[in-house]
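Trainee:
Protein chains in written order, with this note's numbering: chain A, 655 to 779; chain B, 103 to 522.
#1: CA-CA distance, residue 435 of chain B and residue 282 of chain B?
#2: Per DSSP, what kind of secondary structure is residue 322 of chain B in: helix, strand or coil?
#3: I want to know whether the region 293-305 of chain B touches the region 224-237 of chain B - three or more CB-CB distances under 8 Å.
#4: For residue 688 of chain A, decide whether its Cβ has a neighbour in chain D, counting only Cβ atoms nearer than 7 Å.
#5: Helix, strand or coil, according to DSSP, for residue 655 of chain A in the structure here?
#6: List the DSSP bridge partners of residue 719 of chain A.
#7: Give the DSSP-derived three-state secondary structure of residue 663 of chain A in the structure shown.
#8: Within 7 Å of any Cβ in chain A, is that where the Cβ of residue 244 of chain B sits?
#9: Using the C-alpha atoms, what's the distance from residue 359 of chain B back to residue 368 of chain B?
#10: If the cut is a Cβ gap below 9 Å, which residues of chain A does residue 126 of chain B touch?
#11: Closest to residue 672 of chain A by C-alpha separation, out of A:693, A:754, A:683, would be which residue?
#12: Can you give me the C-alpha to C-alpha distance between residue 164 of chain B and residue 120 of chain B, rounded to a whole angstrom?
#13: Kindly list, in the order they appear in chain B, the residues whose Cβ is closer than 8 Å to that of residue 739 of chain A.
#14: Which residue from B:135, B:306, B:235 puts its Cα closest to that of residue 221 of chain B?
#15: With burial defined as no fewer than 16 other Cβ atoms inside 10 Å of the residue's Cβ, what is the status of residue 236 of chain B: buried or exposed?
#16: Say whether the region 437-448 of chain B touches the region 412-419 of chain B, bearing in mind that this needs 3 or more beta-carbon pairs closer than 8 Å, one atom from each stretch.
#17: Leaving out five residues on either side along the sequence, give the residues of the same chain with a beta carbon under 6 Å from the beta carbon of residue 319 of chain B.
#18: Closer than 7 Å by C-beta to residue 311 of chain B: which residues in its own chain qualify, once you throw out the five before and the five after it? Chain order, please.
#19: For residue 687 of chain A, collect the residues of the same chain with a Cβ closer than 6 Å to its Cβ; drop the 5 residues on either side in sequence, then sort them by chain order.
#20: I'd like to check one pair, residue 404 of chain B with residue 432 of chain B: are the Cβ atoms closer than 7 Å?
#21: Could you tell me the distance, in whole angstroms, from the CA atom of residue 465 of chain B to the CA atom of residue 445 of chain B?
#22: Give the DSSP-derived three-state secondary structure of residue 384 of chain B in the structure shown.
#23: Establish whether the CB of residue 331 of chain B and some CB of chain A are separated by less than 7 Å.
#24: Does the CB of residue 742 of chain A have a neighbour CB from chain B at under 7 Å?
#25: If you draw a straight line from the C-alpha of residue 52 of chain B to the C-alpha of residue 138 of chain B, how long is it?
#26: So that I know if they touch, is there some Cβ in chain A lying closer than 7 Å to that of residue 378 of chain B?
#27: Helix, strand or coil, according to DSSP, for residue 372 of chain B in the structure here?
#28: Where does residue 760 of chain A fall in DSSP's three states?
#29: Opposite residue 366 of chain B in the DSSP bridges: which residues?
#30: Compute the Euclidean distance between the alpha carbons of residue 479 of chain B and residue 495 of chain B, then round it to the nearest angstrom.
#31: Of all the options A:707, A:736, A:698, A:669, which has the alpha carbon lying nearest to the alpha carbon of residue 680 of chain A?
#32: Using alpha carbons as the reference points, say which of B:472, B:455, B:470 lies closest to residue 528 of chain B.
#33: So is residue 321 of chain B buried or exposed if we call it buried at 16+ other beta carbons inside 10 Å?
#34: In three-state DSSP terms, what is residue 675 of chain A?
#35: When burial is assigned at 16 or more other CB atoms within 10 Å of the CB, is residue 122 of chain B buried or exposed?
#36: What residues of chain B sit near residue 745 of chain A, judged by a beta carbon separation below 9 Å?
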């Protein structure tokens, strides 16, 4: 089963920049993901200031440049993982947050775990 | 939002998930420590039992891998002290360590994780084992599949698989496989053997000539995962990436290979919009790495390059058959396989017309190695049909139909015979 996981947090919160130890721990986490074959790909996202939202509402399409000040939680990074159960995906998300807890004092956020449909069998009837 | 939060205690599903993620490197590290596959697996199982006893109330520890490793190590030391298991591997360690039993701590185990997992793969694909034993052990110890899952994959019984595992472990112990330190040349050979096993597993799932159990396609995922692990462990080996590329590209067509009623759809008739773009992209990227790393492409890289020609073509008509024919020629040269020649004949017919293909096919019909290979009459029938030699074509399709074991394929061939 393939999942996409998003790490989300509140951009406006004053955690400061991620400490070097976080990068180190994330490197180790990625290495483990490579060696146990679960990590398909991952990436980090720029701040919302560098992005835009294009929306459709009331029949019209509008574009808003970032930052997205109204949004509570924003996606900061993602990973595509290949695992054999949702429980495995959840455990990997838990570890990701554990790394944040251990290395980035005060940081709060969440990791959203969503299944990606790849094969026809993945799509629920 | 209707969400259920999980309290501190861990559910069995969560523990199983941890086990799935950790069992490979746990067993791999234990094989390094105790130098015996059977004992390593027993110790890992003991650690799992300890986790199942403790985690439902205490919750999953922050670093579950380290917890399991500590539990397994403790158990290993206990067993040795009690003299429960004074078998060869322990004695070997005692001798290695000049009478002193030193079990490395988990910090060092973490440092060695790549070496450990690769060694475990080498041991599982040891030359003293039969092919069946190699694939079974690889699924069990590297893949972390249960005996039941393996039995379902191989359309076998749990008892048969369990027995095969026991016998394989004994063979490995007799061969002192886990004590070996292969040199560079041996490592290349061992790696080649691992690639063979991984591709066998993939094909077991991909071809599914019998049965339709869901576990069989899952074998493809498992083989691709093993390929991904190998790419992380041996990043500079071209064929490792070539094999990954081949499996990814073939897997991209899984959803398009069967029609609504489960009938096979041939590659050129497939709806290309149903090819999975992620698999294609990853396959092409892996092929790129393989071609960059190796001057002389190996068999997996060449096969992947052929698959890539199909993946890159927007339609069947747009396929670069001249390139495919030339790749098959290179492949035939290094593999010496007559089956490759059959495929080359198809490519030649597509590139230069049916008679070009038929010339080659006619050179193959009497080869003993191809006796019973149903695709030979099937391809010959197709080429004859295209040349308007209908009667000969019909006879070939009928011959092919009588040779295949797959009922759907047989129906397809008989249908072609009727139309010729």
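By construction, the Cβ of each residue, glycine as well, lies at the ideal position given by its N, Cα and C atoms. Since the structure is predicted, the reported quantities are computational estimates derived from the model, not experimental observations.
Mentor: This is what the structure holds:
#1: Working through the second chain from its first residue, we reach residue 435 of chain B at position 333. Working through the second chain from its first residue, we reach residue 282 of chain B at position 180. One C-alpha to the other measures close to 34 Å.
#2: Within the second chain, the letter at position 220 stands for residue 322 of chain B. Correct three-state label for residue 322 of chain B: helix.
#3: Contact holds: three or more Cβ-Cβ distances are below 8 Å.
#4: Within the model displayed, chain D is absent; protein chains A and B are what it includes.
#5: What you label residue 655 of chain A is simply residue 1 of the first chain in a count that begins at 1. Annotated three-state conformation of residue 655 of chain A is coil, per DSSP.
#6: As a first step, residue 719 of chain A must be located in the first chain, where it is residue number 65. A:706, per the DSSP bridge assignment.
#7: As a first step, residue 663 of chain A is located in the first chain; it is residue number 9 there, counting from the start. Assignment of residue 663 of chain A by DSSP, reduced to helix, strand and coil, places it in the strand class.
#8: In the second chain, residue 244 of chain B corresponds to position 142, counting from 1. Not one beta carbon of chain A lies nearer than 7 Å to the beta carbon of residue 244 of chain B.
#9: On the second chain, position 266 is the one that residue 368 of chain B refers to. On the second chain, position 257 is the one that residue 359 of chain B refers to. One C-alpha to the other measures close to 7 Å.
#10: One-based indexing of the second chain puts residue 126 of chain B at position 24. Below the 9 Å Cβ cutoff, chain A contributes 689, 690, 691 as neighbours of residue 126 of chain B, in chain order.
#11: On the first chain, position 18 is the one that residue 672 of chain A refers to. The shortest Cα separation from residue 672 of chain A among A:693, A:754, A:683 belongs to A:754.
#12: In the second chain, residue 164 of chain B corresponds to position 62, counting from 1. In the second chain, residue 120 of chain B corresponds to position 18, counting from 1. When only Cα atoms are considered, residue 164 of chain B and residue 120 of chain B end up about 11 Å apart.
#13: Position 85 of the first chain, counted from the start, is the residue given in the question as residue 739 of chain A. 115, 118, 119, 122, listed in chain order.
#14: Your numbering for residue 221 of chain B matches position 119 in the second chain. Selection B:135, B:306, B:235 evaluated against residue 221 of chain B yields B:135 as nearest (Cα-Cα).
#15: Walking along the second chain from the start, residue 236 of chain B turns up at place 134. Label assigned to residue 236 of chain B: buried.
#16: With fewer than three CB-CB distances shorter than 8 Å, the region 437-448 of chain B does not count as touching the region 412-419 of chain B.
#17: Counting from 1 along the second chain, the entry for residue 319 of chain B is found at position 217. Apart from the 5 residues on each side of it in sequence, residue 319 of chain B sits with its Cβ closer than 6 Å to the Cβ of 307 in its chain, given in chain order.
#18: Walking along the second chain from the start, residue 311 of chain B turns up at place 209. With a pLDDT of only 47 at residue 311 of chain B, under the threshold of 50, the placement of this residue in the model should not be trusted, and no figure is reported.
#19: For the purposes of this step, residue 687 of chain A is taken as residue 33 along the first chain, with counting starting at 1. Excluding five sequence positions before and after residue 687 of chain A, the CB atoms of its chain that fall closer than 6 Å to its own CB belong to 693, given in chain order.
#20: Numbered from 1 along the second chain, position 330 holds the residue referred to as residue 432 of chain B. Numbered from 1 along the second chain, position 302 holds the residue referred to as residue 404 of chain B. Yes; because the gap between Cβ atoms is below 7 Å, this pair is in contact.
#21: The residue you call residue 465 of chain B lines up with position 363 of the second chain. The residue you call residue 445 of chain B lines up with position 343 of the second chain. In this structure, the alpha-carbon of residue 465 of chain B lies about 13 Å from that of residue 445 of chain B.
#22: Residue 384 of chain B sits at position 282 when you count from the first residue of the second chain. Correct three-state label for residue 384 of chain B: helix.
#23: By one-based count along the second chain, residue 331 of chain B stands at place 229. So yes, residue 331 of chain B belongs to the interface.
#24: Position 88 of the first chain holds residue 742 of chain A. The beta carbon of residue 742 of chain A falls within 7 Å of a beta carbon belonging to chain B, placing the residue at that interface.
#25: The question about residue 52 of chain B has no answer, for chain B in this structure spans 103 to 522.
#26: Locating residue 378 of chain B in the second chain gives position 276, where the first residue counts as 1. Taking Cβ atoms only, chain A reaches closer than 7 Å to residue 378 of chain B, which makes this a yes.
#27: Locating residue 372 of chain B in the second chain gives position 270, where the first residue counts as 1. In the displayed model, residue 372 of chain B falls within coil according to three-state DSSP, outside both helix and strand.
#28: Residue numbering aside, residue 760 of chain A sits at position 106 when the first chain is read from its first letter. The DSSP-derived three-state label of residue 760 of chain A is coil.
#29: Here residue 366 of chain B refers to the residue found at position 264 of the second chain. DSSP output for residue 366 of chain B lists B:360 as bridge partner(s).
#30: On the second chain, position 377 is the one that residue 479 of chain B refers to. On the second chain, position 393 is the one that residue 495 of chain B refers to. Their Cα atoms are separated by approximately 9 Å.
#31: If you number the first chain from 1, residue 680 of chain A lands on position 26. Among A:707, A:736, A:698, A:669, the Cα nearest to that of residue 680 of chain A belongs to A:698.
#32: No statement about residue 528 of chain B is possible, as the shown extent of chain B runs from 103 to 522 and does not include it.
#33: For this step, residue 321 of chain B is matched to residue 219 along the second chain. Classification of residue 321 of chain B: buried, given that the 10 Å Cβ count is 16 or more.
#34: Here residue 675 of chain A refers to the residue found at position 21 of the first chain. Of the three classes helix, strand and coil, the one that applies to residue 675 of chain A here is helix, per DSSP.
#35: Taking the second chain and counting its residues from 1, the one referred to as residue 122 of chain B is at position 20. Taking all protein chains in view, the Cβ of residue 122 of chain B is crowded by 16 or more other Cβ atoms within 10 Å, so the residue is classified as buried.
#36: Counting from 1 along the first chain, the entry for residue 745 of chain A is found at position 91. Residues of chain B with a Cβ closer than 9 Å to the Cβ of residue 745 of chain A are, in chain order, 116, 119, 120, 122, 123, 162, 166.
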